[in-house]
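Report on one structure; see the data block that follows.
Residue numbers (the numbering used here): 9 to 217.
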């Protein structure tokens, strides 16, 4: 019995090790862009935003074969319907969310520590030397379209866009401040206005396949 127990313990340890190794090796299917396009919320519409995700992903992991989509809503499109079915892992292979439902119902693992850039780096947030935690989404908490999308991501002037906090921290201890996808409207659509409220025109990118 002692030998059997020891054997079972070794087997359990091996399974745990293999599971951890598999998690480490999971290909990147989610990231926060390390940089914005540079024109505020004028992303060239959804097509331009998707191209930005694709370019950054390809630079970080050439030949990844993924179909990359920016997590953005417009007046006619819901962000939750653009990003595939999941699961999604960050650049270090860590699970961020298993599916669309868990991504939006509070069961996700999306935090400052896991919402990494395509380079596997932390994105600066509240309390860092530069705050860039406002991520453009144009979405409600459930991933449907909000009213504010900077003219469907074609404006760098008047208007506003809903942003989320990738670090889940805000000015208050309330649900919007802790929301990764629907915290508050931006002060405007220009690059400078996005910076003024703690952003840099960054996006969430998800692999839809």
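All C-beta atoms in this analysis are idealised placements derived from N, C-alpha and C, irrespective of residue type, glycine included.
Keep in mind it's a predicted model, so treat the numbers as computed, not measured.
Separation of residue j from residue i, as counted between CA atoms
i           : j           : result
residue 156 : residue 191 : 12 Å
residue 201 : residue 94  : 33 Å
residue 170 : residue 73  : 30 Å
residue 29  : residue 103 : A caution first: residue 29 carries a pLDDT of 44, below 50, which makes its placement in the model too unreliable to give a value.
residue 198 : residue 166 : 8 Å
residue 86  : residue 154 : 9 Å
residue 109 : residue 34  : 21 Å
residue 84  : residue 137 : 37 Å
residue 57  : residue 133 : 22 Å
residue 71  : residue 100 : 17 Å
residue 64  : residue 182 : 33 Å
residue 50  : residue 139 : 20 Å
residue 67  : residue 114 : 31 Å
Residue i, DSSP secondary structure in three states
i           : result
residue 169 : strand
residue 77  : strand
residue 154 : coil
residue 51  : coil
residue 46  : coil
residue 60  : helix
residue 216 : coil
residue 208 : strand
residue 202 : helix
residue 136 : coil
residue 160 : helix
Within 9 Å, strictly: CB atoms of residue i and residue j
i           : j           : result
residue 209 : residue 45  : yes
residue 211 : residue 79  : yes
residue 92  : residue 161 : no
residue 125 : residue 48  : no
residue 151 : residue 88  : yes
residue 60  : residue 82  : no
residue 188 : residue 144 : no
residue 135 : residue 177 : yes
residue 168 : residue 194 : yes
Presumed contact (8 Å Cβ cut-off) between residue i and residue j, rounded CB distance
i           : j           : result
residue 131 : residue 174 : 6 Å
residue 37  : residue 97  : 5 Å
residue 214 : residue 77  : 6 Å
residue 216 : residue 62  : That pair is no contact at about 11 Å.
Would you mind listing the beta strand (DSSP E) stretches within the segment 70-131 that are 3+ residues and don't spill past its ends, in chain order?
Runs of the beta strand (DSSP E) lying entirely within the segment 70-131 and spanning at least 3 residues, in chain order: 76-78 and 103-105.
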